[in-house]
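Visitor:
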Amino acid sequence: MRTFLQQARETVRRCRRLAECTEEPGRITRTFLSAPMHDVHTLVRTWMEAAGMTVRVDGAGNIRGTYGEGPRLMIGSHLDTVPDAGGFDGILGVMMGIALVERRPPCSVEVVGFSEEEGVRFGVPFIGSRAMVGTREFHKGIDDAIRAFGLNPRDDAGLGDDVRAYLEFHIEQGPVLDRKNLPLGVVEAIVGQSRYTVRFAGEANHAGTTPMKTRADALVAAAEWIGLVRKTALAEPGLVATVGQLRVYPGAVNVIPGAVEASLDIRHADDRVRDRVARRILKGVECAERSKQPATPMDPAMVQALCAAVKATGNRVHRMVSGAGHDAMILAAKVPAAMLFLRSPGGISHHPGESVRVEDVAAALAVGTRLLDDWRPA
Ligand code: HGY
Ligand code: MN
Ligand code: MN
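Residue numbers (this note's numbering): 2 to 379.
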């Protein structure tokens, strides 16, 4: 049996290998069931089968490797990325699952690589995990993309009765563990998040002949609103609000913007605060809600078991809330779910500078092995 450090090196190598599967040469971009996901599935299937798993791809494009029979623990994360991403967000959690199965755990395990969590291609996140728990939104484009990938969207993508709990390893994607110089964190809860599309209507006109005072410039209206978003969020402790996308129409240098579409991503640990602030920010603007996920506590017994495994492997226990959304918040609706964070050096994520320390991966493998040694299906 290889040492945890040897396995950690291989796990990081595999993440870097999957990072080469991209829609955009020179950057890591892999959206829902895009062409490079075929190469990802080929590699992941090879590693899963070499680890003794039976592999299938379900009707939502999730790749799933099963080790052993009957009631089992699911370990996984997502295989899609944001545009110009790092190489570890999501992917590391799937590779950790495969590495833990390579250690021949005493319990049955299902490793899953979810087809989509970020919500980049169709604006709706968690397509893979929501299909698994039966809460996927219907969206014609999604079914067409599944068929174009060579799958049947009517094929089963359900969790099944044998999965009794869900465990996700993920980089923290923030600065907390790095600042505390800790390798690992046990997630107690995941903040709730809402996503909206906000529209501003103006009047397109000639940039050279239209006097400033008579303009109805949609982008100026959007800019003033974005300033309000920041001011409102700064005034509310623990709340984050982001305008990450801006579409300007018609989008020509010499035309006054006639229309603007902006995204809004707003998050807080308390759903009531998030909803109250969202109402304030969206007052008087035309908006459509794209997705909404309530704040989700992790399963107390599994959190406790993770803390015990962290302690038993000689690491300091740090319990924390996740500001990032994860598939664990979807699976938690059906089975006990828990997450173990690995330090994000520099707190960098959703950026090519995202990284992970090999020794932290080794520590997480030791914790996961300890947890699997003790875990038994309820
Ligand atoms: O947006 C998020 O929190 C996650 O990275 N999808
Ligand atoms: Mn992400
Ligand atoms: Mn992620």
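Every residue, glycine too, gets a C-beta built ideally from N, C-alpha and C.
State the start and end residues of the unbroken beta strand (DSSP E) segment that holds I92.
Guide: Premise fails: I92 lies in the alpha helix (DSSP H), I92 to E103, not in any beta strand (DSSP E).
Visitor: Since F332 and I172 should fall inside the 8 angstroms C-beta cutoff, what is the C-beta to C-beta distance between them, to a whole number of angstroms?
Guide: Checking the sequence shown, residue 332 turns out to be Leu, not Phe. Their Cβ separation, rounded to whole angstroms, is 18 angstroms, which puts L332 and I172 out of contact at 8 angstroms.
Visitor: Roughly how many angstroms separate the alpha carbons of A379 and L373, rounded to a whole number?
Guide: 14 angstroms
Visitor: Less than 7 angstroms separating the beta-carbons of V13 and L185?
Guide: For V13 and L185, no; Cβs fall outside 7 angstroms.
Visitor: Should S109 and G69 be called a contact, given that it needs their Cβ atoms to be closer than 7 angstroms?
Guide: yes
Visitor: Is the region 285–295 close to the region 94–114, with three or more CB pairs under 8 angstroms?
Guide: For the pair of segments examined, the region 285–295 was found not to touch the region 94–114: the number of CB pairs separated by less than 8 angstroms stays below three.
Visitor: Is there contact between the region 29–40 and the region 69–88, where contact requires at least three CB pairs shorter than 8 angstroms?
Guide: yes
Visitor: Drop a sphere of 10 angstroms on the beta-carbon of Q8, count the other beta-carbons inside from all chains shown, and report buried for 16 or more, exposed for fewer.
Guide: buried
Visitor: At the level of alpha carbons, what is the spacing between E111 and P154?
Guide: 21 angstroms
Visitor: Short of 6 angstroms in beta carbon distance, which residues of its chain neighbour S356, apart from the five on each side in sequence? Order them along the chain.
Guide: Correct list, in chain order: P346.
Visitor: If we require 3 or more residues per run, which beta strand (DSSP E) segments fall completely within the region 132–176?
Guide: 164–172
Visitor: Tell me the start and end of each unbroken beta strand (DSSP E) in the region 335–377 that is at least 3 residues and wholly inside, in chain order.
Guide: As far as the region 335–377 is concerned, its whole beta strand (DSSP E) runs of at least 3 residues are 338–343.
Visitor: Can at least three beta-carbon pairs, one atom from the region 242–257 and one from the region 187–195, be found at a separation below 8 angstroms?
Guide: no
Visitor: Please classify P258: is it buried, with 16 or more other beta-carbons within 10 angstroms of its beta-carbon, or exposed?
Guide: buried
Visitor: Is P212 buried or exposed, if buried means 16 or more other CB atoms sit within 10 Å of its CB?
Guide: exposed
Visitor: Tell me the residue span of the alpha helix (DSSP H) that contains C308.
Guide: P301 to A313
Visitor: What does a CB cutoff of less than 6 angstroms around L44 pick up in its chain, not counting 5 residues either side in sequence?
Guide: none
Visitor: Give me, in chain order, the residues of the same chain whose beta-carbon lies closer than 8 angstroms to that of T370; leave out the 5 immediate sequence neighbours on both sides.
Guide: F5, L101, R104 and P106
Visitor: Is the separation between the beta-carbon of L240 and that of Y197 shorter than 7 angstroms?
Guide: no
Visitor: To the nearest whole angstrom, what separates the beta carbons of I76 and L168, a pair I think is in contact under 8 angstroms?
Guide: 5 angstroms
Visitor: In angstroms, rounded to a whole number, what distance separates the CA positions of S350 and V41?
Guide: Going from the Cα of S350 to the Cα of V41 covers about 21 angstroms.
Visitor: Name all residues in chain order for which at least one heavy atom of ligand 3 lies closer than 5 angstroms to the residue's CB.
Guide: In chain order, the qualifying residues are D90 and G91.
Visitor: Could you give the DSSP three-state label for T30: helix, strand or coil?
Guide: coil
Visitor: Given 6 angstroms as the limit, tell me if E204 has its C-beta closer than that to any heavy atom belonging to ligand 2.
Guide: no
Visitor: Please name the residue or residues paired with K211 in a DSSP beta bridge.
Guide: The question names Lys, yet the displayed sequence has Thr at residue 211. In DSSP, T211 forms no bridge with anything.
Visitor: If G129 and A61 are in contact, beta carbons under 8 angstroms, what's the gap, nearest whole angstrom?
Guide: 5 angstroms
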